[in-house]
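Scroll down for the structure; my scribbles are underneath it.
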Ligand SMILES: C[S@@+](CC[C@H](N)C(=O)[O-])C[C@H]1O[C@@H](n2cnc3c(N)ncnc32)[C@H](O)[C@@H]1O
């Protein structure tokens, strides 16, 4: 009997979680999908080895989920890390992990479209294509000279790619790097 209750409880949790995802998607229009761990080496090798970006540089993740890219950046020595996220569940999970890791990453429940992006040296983006046209216009106005924009999966409209790295040959997944001049 206990097993049936367990299965029922599990399904209720799954339904609640899926319902939550649908509600967030209705408002945000971008589903949550974490940057795969396999991409981290490519991203941070480029940041540190190619661009020689200092560990004190300001990095922001636009739509940071629970902050996995930021925690990885901190693990690799970066100190000035901010993430904006609209989904409360991912943010709370991120804050919990932050306490657990004794992290100094800043996770903020804010719409990145309403934030000043001119203060960041590195801007990381992993979003669906529908979010990019408006963000591209904002970055054209705000991204500072010398800033590095990194985007996983698709090109940033109206920007010229500085470096195109194939992250997964089979799935044709690219990481695009843009240095603002
Ligand atoms: C594909 S996930 C990427 C998560 C994380 N950056 C990573 O790479 O692991 C995109 C996230 O962006 C968030 N998001 C979408 N639009 C946003 C906005 N305008 N402001 C803040 N967060 C947003 C979504 O809630 C979602 O969690």
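In UniProt numbering, the protein residues as written are 1 to 181.
Glycine residues also receive a C-beta, built at the ideal position from the N, C-alpha and C atoms.
Predicted model only: the values in this text are computed from it and were never measured.
Which residue's Cα is closest to the Cα of residue i: the options?
i, options, result
"residue 18", "116, 147, 31", "31"
"residue 38", "65, 61, 69, 48", "69"
"residue 110", "149, 96, 61, 36", "61"
"residue 78", "64, 34, 55", "55"
"residue 168", "49, 27, 25, 35", "35"
"residue 65", "107, 142, 173", "107"
"residue 40", "76, 50, 16", "76"
"residue 179", "173, 144, 172", "144"
"residue 103", "73, 20, 147", "73"
Just curious, the alpha helix (DSSP H) that residue i is in, first and last residue?
i, result
"residue 119", "Taken as a continuous stretch (DSSP letters only), residue 119 belongs to no alpha helix (DSSP H), as it is neither H nor E."
"residue 127", "Taken as a continuous stretch (DSSP letters only), residue 127 belongs to no alpha helix (DSSP H), as it is neither H nor E."
"residue 43", "40-45"
"residue 74", "68-75"
Could you check where the beta strand (DSSP E) with residue i kicks off and where it finishes?
i, result
"residue 11", "Run containing residue 11: none in the beta strand (DSSP E); it sits in the alpha helix (DSSP H), 2-28."
"residue 90", "First-last for residue 90: 88-101, but that is the alpha helix (DSSP H), not the beta strand (DSSP E)."
"residue 109", "Neither: residue 109 is in no beta strand (DSSP E) and is coded neither H nor E."
"residue 159", "No beta strand (DSSP E) contains residue 159, which DSSP labels as neither H nor E."
"residue 148", "148-152"
"residue 63", "It is not in any beta strand (DSSP E) - residue 63 carries neither H nor E in the DSSP assignment."
Is the beta carbon of residue i sitting closer than 8 Å to the one on residue j?
i, j, result
"residue 46", "residue 165", "yes"
"residue 156", "residue 175", "no"
"residue 83", "residue 119", "no"
"residue 33", "residue 59", "no"
"residue 142", "residue 121", "no"
"residue 136", "residue 172", "no"
"residue 98", "residue 67", "yes"
"residue 113", "residue 138", "yes"
"residue 71", "residue 101", "yes"
So, does the CB of residue i fall closer than 8 Å to a CB anywhere in chain C?
i, result
"residue 71", "Looking for chain C here will not work: only one protein chain is present."
Inset, instruction - Would you check if the stretch 150-166 and the stretch 118-134 touch, i.e. whether three or more CB-CB distances between them fall below 8 Å? - result: The stretch 118-134 vs the stretch 150-166: in contact.
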